[in-house]
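Quick note on the numbering used here: the sequence shown kicks off at 7 and runs consecutively.
Ideal placement from N, C-alpha and C gives every residue a C-beta, glycine not left out.
Note that the structure is predicted; figures quoted are calculated from it, not measured.
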Amino acid sequence: MRHHFADIIIPTPLEQLFTYRVPEELDSHIQVGMRVVVSFGAKHFYTGIVSQLHNETPDYHPIKPIEKLLDEQPLVLPQQLELWNKLAAFYHIPIGNIFQAAVPQCFRLESKSKLHLTEGALLDNTIPPKTLCICSTLQQKPGQTLEQLNNAVGKGALSEIQRLITLGTIVVEEDLAPDFTPKKEDFIVPGDAYINNKNDIDTALKNCPSQRQLLYLFRDLYEKQNGTVLKQTLLQQSDNGSTILKKLVDKKILEIDQRVTNRLKTYSEEITEIKQLSEKQQQAFEQIKDQWKQKNIVLLHGVTSSGKTEIYIQLIKQCIATGKQALFLVPEIALTTQLAQRLYSVFGDQLGIYHSKFSNNERAEIWNHVLNDNRYKVILGTRSSLFLPFNKLGLIVIDEEHDSSYSQQNESPKYNARTVAFYLARIHKAKVLLGSATPSIESYCNTQLNKYGFVYLAERFNQVKMPDIEVVDMHAAYQQGKVKYYLSQQLQDAITQTLKQKEQVILFQNRRGFSPFTQCNVCGWVPKCKQCNVTLTYHKNIDRLKCHYCCSTQKTI
């Protein structure tokens, strides 16, 4: 069926979609979820996502056509678009903002204005010096941006540039930023002369000891690394430079083969068997599976060091055995480093890691692997990994589910990753496991209301004893005169006994300073650090406000 119009998601903070005309030559190829280049505004071009194809004529004219189709298959799946729409409605945020947050930047081409001198423009000494300087600069270096040209010419150039654009002496063209480029590396492979005359090569290089030495090293690496020899590795391990290698290449003894390689880090550890669960862990494991038969969300409340991660691994292993994908969410990027080695030792190359500290090209590579070749069965990541193009998602594990880092509050779109995970699981009909030693109040409340399943793991792994905790009433201790140096009598005795045994003591204090902030009683103003934009802490002993990030201080007001 012929589709005449397409609703496009533009990466701008605007609420509505924008309708464009589908050219006849694109009608047989265009699909929902593909990227298209569209003209937006007077002269700018953006990459948009096709949200819907239809034949309803919009009530405004003229209707701009789609300029270009960028994909051969959809980059964004229907399940992702459904998630975007749900989040836009739930959080009241523009879907364009979700597009910007979800898709790696190198997939979102955006035009940049380039300035060119009109053909036949006459330059002579009769025109004003400022105009002559602008035109001469563009003649020598065409295609500069407005900012580059203004910096090159100097003060007062903007108004003159605008006048020349109006007169037609300078034309403005829109140039799209480059798309994702795969990483390529040089590999060394045997050349025709080596393949055809392998036995005579040593004789041919009889009078060339440096070339022969480099060739011997290549042979050794070629056998040890199964025919994969990086040019960089070969040169690093040899005393000979690239000049010797070039001579071997010129003689067609060796060849340089440029190949697309993976930017992503891999781990060297061998695959190991999953650790055997303890009796209590096995009971919790079975209880989680039983709870999932009735509820899609289960809270695992396991004390610290109870071995929740091993239960996660067992559940993920069962999930991917059924041909589905699993998402392992952690609140902080630092935690991915801790878990990556352990998960890789079990899942190997089936594990992918995704977070915002990866470069744009690295994030694009992971996106393509999840979308196209189903290489990654398990994704370990932070909240941004929720927007990856999963097509067979079966399980979402949310570790440390109580952590406030799951809420994105400082940049748009603002959302809670735990809530997004619930929507994502509902779309894919997947199961969710919340894990924490200190569950959030709302999650625990939902277990009491019978909305979530609940499993409690009260025993540490290998039956390690829990620490003894004693609560001391400091108010009563002050009244009885048992407090010395702000320490209770019990704490003083424990410290003394520990030091007598020549052991060490660590005291944790819940905060620094007398008050974490000060506030004006009249207007409610709270002083903040000018450099760090965080509230200043009041230190009573020095009567000053202090920033605990940059250590700057200021007087109280």
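Restricting to Cα atoms, I'd like to know which of LYS257, THR234, GLY174 is closest to LEU211. As a first step, residue 211 must be located in the sequence shown, where it is residue number 205. With distances taken between Cα atoms, LEU211 lies closest to LYS257.
The beta strand (DSSP E) with ASP379 in it runs from where to where? The residue you call residue 379 lines up with position 373 of the sequence shown. Element bounds for ASP379: n/a, residue is neither H nor E.
Closest by CA to ILE280, which one among GLY354, LEU221, ASP296? Here residue 280 refers to the residue found at position 274 of the sequence shown. Considering only alpha carbons, the answer is GLY354.
So ILE402 packs on ALA423, CB below 8 Å; how close in whole Å? Along the sequence shown, one-based indexing puts residue 402 at 396. Along the sequence shown, one-based indexing puts residue 423 at 417. Rounded, the Cβ-Cβ distance is 10 Å, inconsistent with contact.
Given GLN495 as reference, the closest of SER248, LYS330, LEU399, VAL478 once Cα atoms are compared: On the sequence shown, residue 495 is found 489 positions in, with the first residue counted as 1. Considering only alpha carbons, the answer is VAL478.
Taking the DSSP output, what are the residues bridged to ASP13? Numbered from 1 along the sequence shown, position 7 holds the residue referred to as residue 13. Paired residue(s): THR25, GLN58.
Just to confirm before moving on: does the CB-CB distance between PHE51 and VAL44 stay below 8 Å? Counted from its first residue, the sequence shown places residue 51 at position 45. Counted from its first residue, the sequence shown places residue 44 at position 38. Against a cut-off of 8 Å, the Cβ pair of VAL44 and PHE51 comes out as a contact.
Could you have a look at HIS67 and say whether DSSP puts it in helix, strand or coil? Reading the sequence shown from its first residue, position 61 is the one you call residue 67. HIS67: coil per DSSP, three-state reduction.
Please report how far the alpha carbon of VAL109 lies from the alpha carbon of SER391, in whole angstroms. The residue given as residue 109 occupies position 103 in the sequence shown. The residue given as residue 391 occupies position 385 in the sequence shown. So the two alpha carbons sit approximately 10 Å from each other.
If you draw a straight line from the alpha carbon of ILE72 to that of HIS9, how long is it in whole angstroms? Here the question's residue 72 lines up with position 66 in the sequence shown. Here the question's residue 9 lines up with position 3 in the sequence shown. ILE72 and HIS9: Cα-Cα distance of roughly 13 Å.
Taking a contact to mean a Cβ-Cβ separation below 8 Å, would you say LEU305 touches PRO445 in this structure? Translated into positions along the sequence shown, residue 305 becomes position 299. Translated into positions along the sequence shown, residue 445 becomes position 439. For LEU305 and PRO445, yes; Cβs fall inside 8 Å.
Nearest to GLU166 by alpha carbon, out of LEU394, LYS420, LYS136? By 1-based counting over the sequence shown, the position of residue 166 is 160. Residue LYS136 is the option with its Cα nearest to GLU166.
When we look at the beta-carbon of GLN297 and count the other beta-carbons within 10 Å, is it buried (16 or more) or exposed? As a working mapping, residue 297 is identified with position 291 in the sequence shown. Classification of GLN297: buried, given that the 10 Å Cβ count is 16 or more.
In three-state DSSP terms, what is THR559? Here the question's residue 559 lines up with position 553 in the sequence shown. Strand at THR559.
Select from ILE194, ILE207, PRO215, ILE317 the residue whose C-alpha is nearest the C-alpha of GLN264. One-based indexing of the sequence shown puts residue 264 at position 258. When only C-alpha atoms are compared, the closest one is ILE194.
Through-space distance from LEU551 to ASN527, alpha-carbon basis: For this step, residue 527 is matched to residue 521 along the sequence shown. For this step, residue 551 is matched to residue 545 along the sequence shown. When rounded, the distance between both Cα atoms is 17 Å.
State the CB to CB distance for the pair LEU440 and SER449, rounded to an integer number of angstroms; the pair is presumed to be in contact (CB under 8 Å). Position 434 of the sequence shown holds residue 440. Position 443 of the sequence shown holds residue 449. Confirmed, about 6 Å.
Could you tell me which residues DSSP pairs with GLN219 in its beta bridges? Here residue 219 corresponds to residue number 213 of the sequence shown, with the count starting at 1. DSSP, once it has assigned bridges, lists no residue as partnering GLN219.
When the Cα of ASP474 is compared with those of ALA483, GLN486, ALA500, which residue comes out closest? In the sequence shown, residue 474 corresponds to position 468, counting from 1. The residue with the shortest Cα to Cα distance from ASP474 is ALA500.
Within a Cβ cutoff of 6 Å, which residues of the same chain sit near ILE372, ignoring the five residues on either side of it in sequence? The residue given as residue 372 occupies position 366 in the sequence shown. Closer than 6 Å at Cβ, skipping near neighbours: GLY358, TYR360.
Is it right to say PRO419 is buried, meaning 16 or more other beta carbons lie within 10 angstroms of its own, or is it exposed? To locate residue 419, count along the sequence shown from 1; it is residue 413. The residue is buried, with at least 16 neighbouring Cβ atoms inside 10 Å.
Output the boundary residues of the beta strand (DSSP E) element that contains ASP409. Along the sequence shown, one-based indexing puts residue 409 at 403. No beta strand (DSSP E) contains ASP409, which DSSP labels as neither H nor E.
In the DSSP assignment, find the unbroken beta strand (DSSP E) run with VAL426 in it and report its ends. Within the sequence shown, residue 426 is the residue found at index 420, counting from 1. It is not in any beta strand (DSSP E) - VAL426 instead sits in the alpha helix (DSSP H) that spans 423-434.
So SER248 and LEU220 are in contact, right, with Cβ under 8 Å, and what is the actual spacing, rounded? As a first step, residue 248 is located in the sequence shown; it is residue number 242 there, counting from the start. As a first step, residue 220 is located in the sequence shown; it is residue number 214 there, counting from the start. Their Cβ separation, rounded to whole angstroms, is 10 Å, which puts SER248 and LEU220 out of contact at 8 Å.
Using C-beta distances below 6 Å, list every residue in its chain close to GLN37, excluding the 5 sequence neighbours before and after it, in chain order. Residue numbering aside, residue 37 sits at position 31 when the sequence shown is read from its first letter. Excluding residues within five positions, the ones whose Cβ falls inside 6 Å are PRO80.
Give me the Cα-Cα distance between ARG369 and ALA199, rounded to the nearest whole angstrom. The count along the sequence shown starts at 1 and reaches residue 369 at position 363. The count along the sequence shown starts at 1 and reaches residue 199 at position 193. Whole-angstrom Cα-Cα distance: 41 Å.
Let's see if you can read the secondary structure: which residues bound the alpha helix (DSSP H) around LYS552? Counting from 1 along the sequence shown, the entry for residue 552 is found at position 546. Looking at the DSSP string, LYS552 is not in any alpha helix (DSSP H); the run it does join, the beta strand (DSSP E), is 550-552.
Alpha carbons only, please: which of HIS554, CYS214, GLN525, LYS546 is nearest the one belonging to CYS535? Residue mapping note: residue 535 aligns to position 529 of the sequence shown, counting from 1. The shortest C-alpha separation from CYS535 is found at HIS554.
If we ignore side chains and look at the alpha-carbon of each, how far apart do LEU76 and ASP208 end up? By one-based count along the sequence shown, residue 76 stands at place 70. By one-based count along the sequence shown, residue 208 stands at place 202. Distance between the alpha carbons of LEU76 and ASP208 is about 51 Å.
Taking the beta carbon of ASN103 as the centre, do at least 16 other beta carbons fall within 10 Å, making it buried, or is it exposed? Translated into positions along the sequence shown, residue 103 becomes position 97. ASN103 is buried by the Cβ-count criterion.
Could you name the residues of the same chain whose beta carbon sits closer than 7 Å to that of LEU518, not counting the 5 residues immediately before and after it, in chain order? Along the sequence shown, read from residue 1 onward, the residue named residue 518 stands at position 512. Reading the sequence as shown, one finds Arg at residue 518 and not Leu. THR543, HIS554, listed in sequence order.
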